[in-house]
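The sequence shown begins at 1 in the UniProt record's numbering and counts up by one. To keep things clear, I will list the structure first and then write my remarks on it.
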Amino acid sequence: MWRGLIEQYRDRLPVTDKTPVITLHEGNTPLVPAPVLSDRTGCDVYLKVEGANPTGSFKDRGMTVAVSTAVEHGAKAIICASTGNTSASAAAYAARAGITCAVLVPQGKIALGKLAQALVHGAKLLQVSGNFDDCLAMAGKLSQDYPVALVNSVNIDRLHGQKTAAFEIVEALGDAPDIHCMPVGNAGNISAYWLGYTEDVAAGNATKTPKLYGFQAAGSAPIVNGAVVPNPSTIATAIRIGNPASWTKALDARDASGGLIDAVTDREILSAYRLLAREVGVFVELGSAASVAGLLQASAAGKVPHGSRIVCTVTGHGLKDPEWAISTAPAPTTIGNDPLAAARELGLA
Ligand code: F0G
């Protein structure tokens, strides 16, 4: 039986026999072939479906480790800033651990499902009149001044948890892919994957590291622009970040891997979101679609050699943002309790 990341990769994580394991059996997510994307790019494309984690995003990988070590060190409360998924995950793992969780989110800028998760798991949710970067600065200060552990990805334990996605991919494919595409927001995840892939090469599990292709939303692309974005904007609220905490680590990952970090427009993100839902059968949130939008853009620009083996991480479940999903999909039709009316609507009669 799968018992979560910490039991699976205990010897490769910053835990000891004394660490209380706070787990919801996260990890072990599907690596799904995406024939439609393979056809479009002339490559062999897979999706790492991180929406299959317990709270519906990759954040659970980092949170199991961060909350376990926080509890080991006596924490009675954790705090985070979030564009939504970190808060949902922190709230769930804090509930599991029986400790308090405080979350700071940009008011009106997080998806409904994520808000619901933080509330239902009992987090103290503060909506800040500011953006994610303001929330992160505030969470950092509070964790310095008060006895509350910060579980944003500036907490290195988070990155160690998240690196396990790379381990799973190498195990599934027998080696690292040639290219790995992912969305970039606060830049923790791209740093975590790099850690995982390089550790796998050092351990002899993989013969190479992939080129890491990271994608920011065009209105929130500080790393691409080389400058902080004071007022980031994008429909992909998960990655609406103007001053990523792991900026330097992401640049190192990009350069050491021979990869790139580029921007995708909201239009490209939306188009990939629809393609994934309607032709691949995988419902992801907008932020997650940035990885596939980026792959298609890079492929069209000739930056993806034919025949490459490619993994795109789709970071969060589409149900996180039901409002967006409903507003962009075709409207349902209402009929009376009448089989003939149904048959007519369906073009059967
Ligand atoms: N995709 C999703 C669905 C996310 O929620 C995030 C980040 C990212 C991608 C980007 O990952 O920050 O490691 O570069 N969400 C954070 C949050 C910021 O608060 O939930 P990153």
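We put the beta carbon where it would ideally sit given N, CA and C, even for glycine.
Three-way DSSP call (helix, strand, coil) for residue i in this model
{"i": "residue 17", "result": "coil"}
{"i": "residue 112", "result": "helix"}
{"i": "residue 135", "result": "helix"}
{"i": "residue 160", "result": "helix"}
{"i": "residue 1", "result": "coil"}
{"i": "residue 35", "result": "helix"}
{"i": "residue 313", "result": "strand"}
{"i": "residue 198", "result": "helix"}
{"i": "residue 339", "result": "helix"}
{"i": "residue 103", "result": "strand"}
{"i": "residue 321", "result": "coil"}
{"i": "residue 172", "result": "helix"}
{"i": "residue 149", "result": "strand"}
{"i": "residue 179", "result": "strand"}
{"i": "residue 189", "result": "helix"}
{"i": "residue 27", "result": "coil"}
{"i": "residue 328", "result": "helix"}
{"i": "residue 12", "result": "helix"}
{"i": "residue 140", "result": "helix"}
{"i": "residue 349", "result": "coil"}
{"i": "residue 283", "result": "coil"}
{"i": "residue 233", "result": "coil"}
{"i": "residue 41", "result": "helix"}
{"i": "residue 241", "result": "coil"}
{"i": "residue 269", "result": "helix"}
{"i": "residue 6", "result": "helix"}
Start-to-end residues for the beta strand (DSSP E) that takes in residue i
{"i": "residue 215", "result": "211–217"}
{"i": "residue 278", "result": "From DSSP, residue 278 is part of no beta strand (DSSP E); its letter is neither H nor E."}
{"i": "residue 261", "result": "260–264"}
{"i": "residue 44", "result": "44–49"}
{"i": "residue 81", "result": "77–81"}
Sequence-distant residues of its chain with Cβ nearer than 8 Å to residue i (five each side left out)
{"i": "residue 186", "result": "132, 136, 152, 153, 241, 244, 245, 246"}
{"i": "residue 8", "result": "2, 27, 28, 164"}
Close beta carbons around residue i, own chain, < 6 Å, minus the five adjacent residues each side
{"i": "residue 36", "result": "279, 280"}
{"i": "residue 160", "result": "13, 14, 65"}
{"i": "residue 263", "result": "216, 218, 221, 224"}
{"i": "residue 312", "result": "47, 181, 291, 292, 295"}
{"i": "residue 206", "result": "170, 175, 176, 200"}
Top-ranked residue by Cα proximity to residue i, from the options
{"i": "residue 211", "options": "340, 285, 226, 310", "result": "310"}
{"i": "residue 82", "options": "294, 101, 192", "result": "101"}
{"i": "residue 236", "options": "262, 273, 250, 226", "result": "273"}
{"i": "residue 188", "options": "40, 58, 130", "result": "58"}
{"i": "residue 121", "options": "298, 112, 107, 96", "result": "96"}
{"i": "residue 232", "options": "109, 62, 46, 11", "result": "109"}
{"i": "residue 299", "options": "180, 49, 169, 326", "result": "180"}
{"i": "residue 318", "options": "77, 50, 197", "result": "50"}
{"i": "residue 388", "options": "158, 144, 107", "result": "Since the first and last residues shown for the chain are 1 and 349, residue 388 lies out of range."}
{"i": "residue 73", "options": "34, 19, 52", "result": "19"}
{"i": "residue 149", "options": "77, 197, 112", "result": "77"}
{"i": "residue 266", "options": "297, 5, 158", "result": "297"}
{"i": "residue 32", "options": "98, 324, 52", "result": "52"}
Beta-carbon proximity list for residue i, same chain, < 7 Å, skipping 5 on both sides
{"i": "residue 114", "result": "84, 85, 87, 88, 320"}
{"i": "residue 183", "result": "215, 239, 287, 288, 290, 291, 315"}
{"i": "residue 119", "result": "125"}
{"i": "residue 134", "result": "128"}
{"i": "residue 342", "result": "335"}
{"i": "residue 16", "result": "none"}
{"i": "residue 322", "result": "112, 113"}
Endpoints, alpha helix (DSSP H) assigned at residue i
{"i": "residue 292", "result": "286–300"}
{"i": "residue 222", "result": "222–225"}
{"i": "residue 126", "result": "Taken as a continuous stretch (DSSP letters only), residue 126 belongs to no alpha helix (DSSP H), being part of the beta strand (DSSP E) at 124–128."}
{"i": "residue 88", "result": "85–97"}
{"i": "residue 368", "result": "The requested residue 368 does not occur in the structure, where the chain is confined to residues 1 to 349."}
{"i": "residue 251", "result": "247–257"}
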